[in-house]
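Enquirer: So that we are looking at the same thing, I have put the structure below in structure tokens.
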Amino acid sequence: MPEPEKAGGAAAAERVPLPEEGAAERNSAPGDREKGGADHEWEGALGKEETAARVGAGDEHRRWERWLRGAYEDGSLVGVEGAGAVVGWEERLARVALTRVAEPGDEVVGRALAEWGPVETVRAAREGRRLAGATAQRAERYAIRAARADPLADLAAAHRAGGRFLCPGDADWPGQLDDLGLRRPFGLWVRGRPSLRLWALRSVAVVGARACTDYGTHMAVRLGAGLAGAGWVVVSGAAFGVDGAAHRAALEAGGATIGVVAGGIDVPYPPRNAGLIDRIAEDGLLVGELPPGDHPTRSRFVTRNRVIAALTRGTVVVEAKYRSGSLITARRAAELGRITMGVPGPCTSGLSEGVHELLRGEAALVTDAAEVVELVGRIGADLAPVRRGPVLPRDRLGPGTARVLEALPARGPAGEREIAEAAGTTVADTLGRLHELLALGFVAREGGSWRLVRTSADRTGR
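Quick note on numbering: the UniProt record's numbering labels position 201 of the sequence shown as 201, and the sequence is numbered without any gaps.
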């Protein structure tokens, strides 16, 4: 069967394979419109001709629509397992389109979203209407991009890459991103199975120079491994240098890590980090604002940093020159009320200048993971590292997560492989679910092992 093209961008992307017939029928949405009219409100905003041209017409288009709509509306792609989605299909399509129409952090579109909502904002952009604060040139650019946008094909391309699209209001949306106001992401493209919302609750950003020294690499590894060992999620930008060292250390320690990228989640950048990026997506989470196929630019790296700052409990800078993107992340974190930290370096090194500038301000000096945890653990008693028990009943857990919880021994710790065998799943899947259970307060981590929190054992009657 022919495959629908990916949408948007300067270059045409490869066509995406359609889900099997059975899968489409199993997930078909109730209340499909009669043949002949617009299938949904979105097509009035985008234009049915453009949509059909890229995803296919007739039965093929309807099958794609039913399969993707069903997968999103039953929550299997966008929520904590079993929680379901909140955002409607029309709004999701419109927000997907906006990732093509405007650059991340565009306040003009952010203001229109706040006033009109996503569907009307896309309609206005496509019709060439001047959004408040937009120049005539910008309005024209919006119109051109909106006419080319194909949200259904982008959702299909993301699915093919193992990804999904989260919207504000979805069960798995990290609410701390709402602190960005008009610069909040229109939505997030995500690769990886774990819950972004839960992982972000216990996350710390470790950022720094791409061309770091051996000392910088050593400190990034020390922090990444230490934070992962303490049950915290390490967030960084998947770049060379400090970013890559922190990600690798967290993964090697058997911990959790999130890579926030400045391009599409299906475009490894830098290319030489493709192996690391794929591993992050396999064992952790890869997150970005740009649609499938889009590449990073200098400005996109800068705007990406605000997401790292907002997503996490605090930001640690390891080596940075006086003018550095890492400093932008740290300063943005401070503006958002997050903890900013810096690792001091040799006074003779130019890569210490930026960090020392932060330390002369309000940033806290840290030298290891324990000092970081001491600082970020103070933010909000409900998010402190030591929990008194689960934050929701066990019967609210999804079946896969409940199986992993059931696989833990009633007394004493167990390793990830042992738990995976008892649960009948893979080590990677088990690790992701264990970190969800950690964030929810059901389990605690002891080195490389996991144990039930006593009160959770009491609640389950074990």
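Heads up, the beta-carbon is just placed ideally off N, CA and C, and yes, glycines get one too. Every value quoted in this text rests on a predicted model; they were computed, and no experiment measured them.
Alpha carbon to alpha carbon, how far is A410 from P270? Give it in angstroms, no decimals.
Expert: Distance between the alpha carbons of P270 and A410 is about 45 Å.
Enquirer: Beta-carbon separation of G237 and R323 under 9 Å?
Expert: No. Outside cutoff.
Enquirer: Using beta carbons (cut-off 9 Å, strictly below), is V233 in contact with chain D?
Expert: Absent from the structure: chain D. Only one protein chain is present.
Enquirer: Output the residue ranges of the alpha helix (DSSP H) runs that lie fully inside the stretch 192-279 and measure 4 residues or longer, sorted by chain position.
Expert: Here the runs fully enclosed are 196-201, 214-229 and 242-252.
Enquirer: Using alpha carbons as the reference points, say which of R222, V206 and E120 lies closest to V355.
Expert: The shortest Cα separation from V355 among R222, V206 and E120 belongs to V206.
Enquirer: For the alpha helix (DSSP H) containing A444, list its first residue and its last residue.
Expert: That residue, A444, is in no alpha helix (DSSP H); its beta strand (DSSP E) goes V443 to E446.
Enquirer: By Cβ distance below 6 Å, which residues in the same chain neighbour P118 in space, the five residues on each side in sequence not counted?
Expert: Closer than 6 Å at the Cβ level, and outside the excluded window around P118, lie E91, A94 and R95.
Enquirer: Of the choices R433, G128, V86 and M219, whose alpha-carbon is the least far from that of H247?
Expert: For the residues R433, G128, V86 and M219, the minimum Cα distance to H247 belongs to M219.
Enquirer: Can you name the start and end residues of the alpha helix (DSSP H) that W173 belongs to?
Expert: Counting along the chain, W173 falls outside any alpha helix (DSSP H), and DSSP gives it neither H nor E.
Enquirer: If you compare alpha carbons, which of R129, P194, I265 and L131 is closest to L155?
Expert: Nearest C-alpha to L155: I265.
Enquirer: Within a Cβ cutoff of 8 Å, which residues of the same chain sit near G314, ignoring the five residues on either side of it in sequence?
Expert: Taken in chain order, the residues that qualify are V204, A205, A333, R338, I339, T340, M341, V372, L375, V376 and I379.
Enquirer: Please look up how many angstroms separate the CB atoms of T135 and L290, rounded, as I've assumed it's under 8 Å.
Expert: Rounded, the Cβ-Cβ distance is 23 Å, inconsistent with contact.
Enquirer: With a cut-off of 8 Å on the beta carbons, I'd call I258 and W199 a contact; round off their distance for me.
Expert: That belief holds up - the Cβ atoms of I258 and W199 are roughly 6 Å apart, short of 8 Å.
Enquirer: Measuring straight from C-alpha to C-alpha, what distance separates R255 and W64?
Expert: The sequence given here places Gly at residue 255; Arg does not occur at that position. Whole-angstrom Cα-Cα distance: 36 Å.
Enquirer: What does the alpha-carbon distance come out to for the pair G389 and V453?
Expert: Reliability fails at G389, whose pLDDT of 48 lies under 50, so the model's placement of it is uncertain and the value that follows must be treated cautiously. Each residue's alpha carbon lies about 7 Å from the other.
Enquirer: How far does the alpha helix (DSSP H) with G288 in it reach, from first residue to last?
Expert: Looking at the DSSP string, G288 is not in any alpha helix (DSSP H); the run it does join, the beta strand (DSSP E), is L285 to G288.
Enquirer: CB R160 to CB G110, shorter than 9 Å?
Expert: No. Outside cutoff.
Enquirer: Below 8 Å CB to CB, which residues in the same chain sit around P344 once its five sequence neighbours on both sides are set aside?
Expert: Answer for P344: S352, V355, H356, L359, L365 and T367, listed in chain order.
Enquirer: Looking at the structure shown, is F186 part of a helix, part of a strand, or coil, going by DSSP?
Expert: Here F186 sits in coil by DSSP.
Enquirer: Please classify E335: is it buried, with 16 or more other beta-carbons within 10 angstroms of its beta-carbon, or exposed?
Expert: Counting Cβ neighbours within 10 Å, E335 comes out exposed, since fewer than 16 surround it.
Enquirer: Who are the near neighbours of P296 in its chain, counting only those whose CB is closer than 7 Å to its CB and skipping five residues on each side?
Expert: Counting only Cβ-Cβ distances below 7 Å, and skipping sequence neighbours, we find A262, G263 and Y269.
Enquirer: Quick check on the DSSP output: what are the complete alpha helix (DSSP H) runs of length 4 or more inside the stretch 96-151, in order along the chain?
Expert: Counting only runs of 4 or more, we get 107-116, 118-126 and 136-148.
Enquirer: Classify E73 as buried or exposed, calling it buried when 16 or more other Cβ atoms lie within 10 Å of its own Cβ.
Expert: So E73 counts as buried.
Enquirer: May I ask which residues mark the beginning and end of the alpha helix (DSSP H) holding S299?
Expert: Its alpha helix (DSSP H) spans residues R298 to L311.
Enquirer: With a 10 Å radius around its C-beta and 16 neighbouring C-beta atoms as the bar for buried, classify P104 as buried or exposed.
Expert: It counts as buried.
Enquirer: Can you tell me which of the three DSSP states L452 falls into?
Expert: Three-state result, L452: strand.
Enquirer: CA-CA distance, Q176 and L408?
Expert: Going by the C-alpha atoms only, they are around 31 Å apart.
Enquirer: State the CB to CB distance for the pair L285 and G244, rounded to an integer number of angstroms; the pair is presumed to be in contact (CB under 8 Å).
Expert: 16 Å between Cβ atoms; not a contact.
Enquirer: Could you name the residues of the same chain whose beta carbon sits closer than 8 Å to that of R193, not counting the 5 residues immediately before and after it, in chain order?
Expert: Contacts found: D429 and G432.
Enquirer: Using a Cβ-Cβ cutoff of less than 6 Å, which residues in the same chain neighbour R403 once the five nearest sequence positions on both sides are dropped?
Expert: A423, listed in sequence order.
Enquirer: What is the residue span of the alpha helix (DSSP H) that G432 lies within?
Expert: First-last of the alpha helix (DSSP H) with G432: V427 to L440.
Enquirer: Got a sec, what are the start and stop residues for the beta strand (DSSP E) V343 sits in?
Expert: I339 to V343 is the span of the beta strand (DSSP E), which, as asked, contains V343.
Enquirer: Can you say whether D294 is buried or exposed, counting buried as having 16 or more other CB atoms within 10 angstroms of its CB?
Expert: It counts as buried.
Enquirer: Looking at A369: is its Cβ nearer than 9 Å to the Cβ of G216?
Expert: Going by C-beta atoms, A369 is not nearer than 9 Å to G216.
Enquirer: Alpha carbons only, please: which of A249, E416 and A211 is nearest the one belonging to E319?
Expert: Residue A211 is the option with its Cα nearest to E319.
Enquirer: State the Cα-Cα distance for the pair L201 and V234, rounded to the nearest angstrom.
Expert: So the two alpha carbons sit approximately 11 Å from each other.
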